[in-house]
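**Student:**
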Amino acid sequence: MTRRGQQITLQPEVLRWARERAGLSPQQLAKKMKVKPERVSEWEITGKISIAQADRLADLRGNAVEWMPEEMGIAL
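Taking numbering that gives the first Met the number 0, I'd label the letters of the sequence shown as residues 0 to 75.
Spelled out as structure tokens, the structure:
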């Protein structure tokens, strides 16, 4: 498995925050990310997401994952 395919665990609140700050509903985010809405719900409940998906979410939000505040639970 490549590094981008590895699963990481973030604070679920961070993932919800990123989606909301992008102005997207869970359904809209799922469509943009090409995943089922259930997957978005899973991310926001468990915090488990692949590095590639976290990067894509950060791109939609308009900043890199590395930029997200440490207090928001980002630890790569």
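Heads up, the beta-carbon is just placed ideally off N, CA and C, and yes, glycines get one too.
Just so you know, these numbers come straight off a predicted model, no measurement behind them.
Please classify residue 24 as buried or exposed, where buried requires at least 16 other C-beta atoms within 10 Å of its C-beta.
**Tutor:** exposed
**Student:** Compute the Euclidean distance between the alpha carbons of residue 55 and residue 41, then round it to the nearest angstrom.
**Tutor:** Here the C-alpha atom of residue 55 lies approximately 16 Å from the C-alpha atom of residue 41.
**Student:** Within the same chain, show all residues whose beta-carbon is closer than 7 Å to that of residue 15, passing over the 5 residues directly before and after it, in chain order.
**Tutor:** 43
**Student:** Would you decide whether residue 26 is buried or exposed? Buried here means 16 or more other CB atoms lie within 10 Å of its CB.
**Tutor:** exposed
**Student:** Measuring straight from C-alpha to C-alpha, what distance separates residue 46 and residue 30?
**Tutor:** 19 Å
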